[in-house]
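Asker:
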Amino acid sequence: MENVCDHGATGTGETATDAIQAAVDACGADGGGVVRIPPGEYRTGTIMLRSGVRLHLAGGATVRGSSDPDDYVADGVPHPVLVGAVDAENVAITGRGTLDCNGLAFVDEDAVIDPRPGHAGPAPRDRSPDGPLFPDPDRPDCALLFYRCSNVEIRDVCIRDSPHWTVHLLCCDGVHVRGVDVHNDLRIPNSDGINPDMSRNVRISDCTVTAGDDAICVKTTGDYPEARPCEQVTVTNCTLQSRSCGIKLGSESEHDIRNCQFSNCVVYGSNRGLGIQNRDAGVIEGVYFSDISVETRHHTGNWWGVAEPISITSLPRTADTDLGTVQDVRFSNVDIVGEGSIIVHADPAEPIRNLRFDGLTHRVTAGDHSSGRNEIDLRPGAVVGEIHERDLPAIYLRGVERAELENVTIEWDETLPYHTHAIESEGFTDLLIDGFRGRQAGSGAAVALSNGERAIVRQCIADPGTDLFLASDGVNGITVADNVTDAAATAVEID
């Protein structure tokens, strides 16, 4: 075991970069072991871990990142980091101590990113109390970055106030993140929580993540020489809050993302709940969300999203993009209280395939910033436009092939003038709605289908207050059977 104080660290808030690195290097040279950081405060720049080394932050220890951008380097890793490792095996960060990334030192707390369309400069903070704060262009890119590492463990530590991405797992094999508390300032943009990127066999469990960007984001970026999928990712028993998306796949999807499961999680107070953004050439497939509670709300500021509890979009990033597909995605036992709509959006010529909602309840609410938010946000991407104004149903499906909605319940806690149907689907092929219960927001149809091929609507219940249960326009081949529509003023209109 190496103690950083034996290498010159004092634990009194003085700069300890050299002492911590010396302890890590000595431990690595001896074949590995534990580098202990005892209680106290240690200021540091970049620390690079070595194979076989476990950096252990004792309870009461705080490692605080320097406020000077020059203290952060990219030593064999793609970006300047606080703690990094490259081509290392059997590396770990553990303990009950705190890694304070000093993120507020790299933003202007008196300015936000201008929320007006077409503006990217700073604006007075009172224009957007929820941020995002205006960042320093020289802020460090990452708090923790593991690059081409295997057998990585991050356990029990508290990581707070990251100026950018917090944990980047890049091209790694065999990662376990357990019992970690990530607590970033929600106003700091791009402060993602945990990002598995082109990594395999990643387990994230029992974590609490608060982040100004996606809390957990699975992706495959294209800026590296490696070209490999991100696969076998499991996330369970986590509590997540985000100014962007609680759990997201994409938008970077240069390579395949597959076999990912998310279960027993709570997403709350977030701009989006669960998301898939396909914008590149990779295939996103084999994704399963189960037993998840989602609560979303609208925020001020230029954040992506409009309180969608679920958002799945598949659109080309640029006109030259050879777009991959999204397929084999399932949501089971998802309980939602949200100020936005569930959005599934793709070009019908390049549809999202094999989508299933099973046991989903969506209670639509309205909040302090919901007025005028009748928008579908398709960022990033300039091919189809980014933000579209339209009236919104509770669930909107466009460009889906083989979609199944079983045992879906829609409740309207509060309605706004732009709220419409419970379920709307257009440009679809092979749609099944089985066991739906609910009604529309105001007048009109509870279920509205248009311009599709083959639909089955069966064993549904129209709630009291239903104006028209089902409206079908331009659907070739529709079967309606065994629905309870006594509470509807009109049962079915097929055109």
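Take the sequence shown: its position 158, counted from the start at 1, is 142 in this note's numbering, and no numbers get skipped. Note that beta-carbon positions come from the ideal geometry of N, C-alpha and C, so glycine has one too.
(1) Sorted by chain position, which residues of the same chain lie with C-beta nearer than 6 Å to A475's C-beta, five sequence neighbours on each side aside?
(2) Keeping to the same chain, check which residues put their C-beta closer than 6 Å to that of I371; ignore five residues upstream and five downstream.
(3) Let me know the secondary structure DSSP gives T1 once reduced to three states.
(4) Using a Cβ-Cβ distance cut-off of 8 Å, determine whether V251 contacts chain C.
(5) So the candidates are T30, A(-7), V75, P22; which of them puts its Cα closest to the Cα of G16?
(6) Just tell me which of E292, G234, V217 has its CA closest to the CA of V251.
(7) Considering A322, what are the terminal residues of the beta strand (DSSP E) in which it resides?
(8) Take T28 as the anchor and find which of A45, A0, L154 has the nearest alpha-carbon.
(9) Excluding the 5 residues flanking I478 on each side, which residues of the same chain have their C-beta closer than 6 Å to its C-beta?
(10) Do G79 and L41 have their C-beta atoms closer together than 8 Å?
(11) Suppose the cutoff is 6 Å on Cβ atoms and the five residues either side in sequence are ignored; what does the same chain contact list for G158 look like?
(12) Go ahead and pull the three-state DSSP assignment for V159.
(13) Less than 8 Å between the beta carbons of F430 and H403, yes or no?
(14) Please classify V8: does DSSP put it in a helix, a strand, or coil?
(15) Would you tell me roughly how many angstroms separate the C-alpha atoms of H483 and G289, rounded to the nearest one?
(16) Quick one: give me the first and last residue of the beta strand (DSSP E) that W287 is part of.
(17) Report yes if the C-beta distance between F412 and A446 is below 8 Å; otherwise report no.
(18) Please classify T450: is it buried, with 16 or more other beta-carbons within 10 angstroms of its beta-carbon, or exposed?
(19) Is it true that the CB of V(-12) sits closer than 8 Å to the CB of A3?
(20) I'd like to confirm the pairing. Which residues does DSSP put opposite D361 in its beta bridges?
(21) Residues in the same chain with beta-carbon distance under 6 Å from E25, minus the five sequence neighbours each way, listed in chain order, please.
(22) From the DSSP output, in three-state form, read off D165 for me.
(23) Quick check: what's the CA-CA separation for M(-15) versus E137?
(24) How about V267 and G322: are their beta carbons less than 8 Å apart?
Answerer: Based on what the coordinates show:
(1) F453, T469
(2) E359, D361
(3) helix
(4) Any reference to chain C falls outside this structure, which holds one protein chain only.
(5) V75
(6) E292
(7) What sits at residue 322 in the sequence shown is Gly, not Ala. Its beta strand (DSSP E) spans residues 310 to 322.
(8) A0
(9) S456
(10) yes
(11) S134, N135, N185
(12) strand
(13) In the sequence under discussion, the amino acid at residue 430 is Ala, which differs from the Phe named in the question. No, Cβ-Cβ distance for A430 and H403 is not below 8 Å.
(14) helix
(15) In the structure displayed, the chain extends from -15 to 479; residue 483 sits before or after that span and is not available.
(16) It is not in any beta strand (DSSP E) - W287 carries neither H nor E in the DSSP assignment.
(17) no
(18) buried
(19) yes
(20) I371
(21) G(-3), T46
(22) strand
(23) 18 Å
(24) no
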